[in-house]
Amino acid sequence: MGKTNDLPEPTQSDDKYLVPGLIRGLQILQAFTPETREMTLSDIARRLGTTRSAAFRTVYTLAHQGYLLHDPKTARYTLGPAVLRLGYGYLATREMVEIALPELEKLRDATDWSAHLGVRDGRFVLYMLRVPSQMGLASIVHVGSRLPAAGTTMGRVLLADLSEDDLVRLYRDETYQNAPGQTPRSLSELIAQWRRDREADVVVQIGNFETGIASVATSVRDIEGNVVAAINVTRSASGDAPDSIEAGVRQAVLDTAASITRLLGGLPERVGTR
1364 MGKTNDLPEP TQSDDKYLVP GLIRGLQILQ AFTPETREMT LSDIARRLGT
1414 TRSAAFRTVY TLAHQGYLLH DPKTARYTLG PAVLRLGYGY LATREMVEIA
1464 LPELEKLRDA TDWSAHLGVR DGRFVLYMLR VPSQMGLASI VHVGSRLPAA
1514 GTTMGRVLLA DLSEDDLVRL YRDETYQNAP GQTPRSLSEL IAQWRRDREA
1564 DVVVQIGNFE TGIASVATSV RDIEGNVVAA INVTRSASGD APDSIEAGVR
1614 QAVLDTAASI TRLLGGLPER VGTR
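This note's numbering applies: residue 1364 is where the sequence shown begins, and numbers increase by one.
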């Protein structure tokens, strides 16, 4: 019998950053389909083009972590409940985008400001939706943009939901050397900004991050009351004072966030309860 390749490409590529064990585990999970719901260790090894002994440690690890279930009576494996957790974040985000899009379009039409939805990705805010204004003003952001959370209104809203300890842990090793605009230049400045943001119903900036751009943001919550996203509106600024932004725009942002929160099954937060 000829020698069986341990794994198909791309594990055998020259890319030193690939992790063969992780790829093997993902290949095992992908081998389970609606037509193939159960497999023995030998079945899995054949699917991978490897030996039982080579597949065993990966299968054992997946079972230990709940991604596979093992039936000792039949010696067969099935997908475990932990697989659902892998997809939950993606499905929840996809559902949120689908729910938020028509609400942001209404917000854009009511204010003629560009509207966005974002989620926190570590120290960054990841833009998931962008609904440009009819004025067609250029912007540095697009879907998929990752901007510093501490310097953007949506990011500040998302950071405001963290505890002070979590905020400090997140930014403890930040250098602040390349902080754009009026982004905090030290941890003490960041904490001071975080304290102000926790007391505010909306976060407002004019030119802090992007010169000549005004932005108003607030939070979106899920059925458990957790802040899961932020929305904002942006447009070119005619002044440099946050108070110059009309109250109607602020209220429209709050109302839209409340609508998205309700559609996600949550209850909008009362001002001052954060």
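All C-beta atoms in this analysis are idealised placements derived from N, C-alpha and C, irrespective of residue type, glycine included.
Helix, strand or coil at residue i according to DSSP, with G and I counted as helix
| i | result |
| --- | --- |
| Gly1628 | coil |
| Ile1391 | helix |
| Ser1622 | helix |
| Ala1473 | helix |
| Val1579 | strand |
| Arg1420 | helix |
| Asn1368 | In this prediction, Asn1368 scores a pLDDT of 42, lower than 50, which makes its location untrustworthy; the coordinate-derived value is nonetheless stated afterwards. Note: Asn1368 maps to coil in three-state DSSP. |
| Val1634 | Per-residue confidence for Val1634 stands at a pLDDT of 43, beneath the threshold of 50, marking its modelled position as unreliable; no derived number is given. |
Distance between beta carbons of residue j and residue i, contact taken as under 8 Å
| i | j | result |
| --- | --- | --- |
| Ala1592 | Gly1481 | 7 Å |
| Val1596 | Ser1477 | 7 Å |
| Ile1586 | Leu1626 | Ile1586 to Leu1626, Cβ: 11 Å. No contact. |
| Leu1533 | Arg1486 | 6 Å |
C-beta contact flag for residue i and residue j at 8 Å
| i | j | result |
| --- | --- | --- |
| Ile1391 | Leu1425 | yes |
| Tyr1440 | Ile1407 | yes |
| Ala1512 | Val1488 | yes |
| Leu1492 | Ala1523 | no |
| Leu1404 | Val1422 | yes |
| Ala1580 | Val1520 | yes |
| Ile1594 | Leu1467 | yes |
| Ala1600 | Ala1615 | no |
| Tyr1430 | Ala1417 | no |
CA nearest to the CA of residue i, picked from the options
| i | options | result |
| --- | --- | --- |
| Gly1674 | Ala1610, Asp1564 and Arg1598 | Past the edges of the chain, shown from 1364 to 1637, lies residue 1674, and the structure says nothing about it. |
| His1427 | Thr1624, Arg1457, Tyr1534 and Leu1442 | Leu1442 |
| Leu1553 | Tyr1380, Gly1570, Thr1515 and Thr1624 | Thr1515 |
| Met1402 | Ala1418, Ala1438 and Thr1414 | Ala1438 |
| Gln1545 | Gln1556, Glu1398 and Asp1434 | Gln1556 |
| Asp1560 | Gly1570, Ser1582 and Arg1548 | Ser1582 |
Residue i classed as buried or exposed, judged by whether at least 16 other C-beta atoms fall within 10 angstroms
| i | result |
| --- | --- |
| Gln1497 | exposed |
| Gly1507 | exposed |
| Pro1383 | exposed |
| Thr1538 | exposed |
| Asn1589 | exposed |
| Arg1584 | buried |
| Asp1472 | exposed |
| Leu1389 | exposed |
| Ala1620 | buried |
| Gln1568 | buried |
| Leu1510 | buried |
| Thr1396 | exposed |
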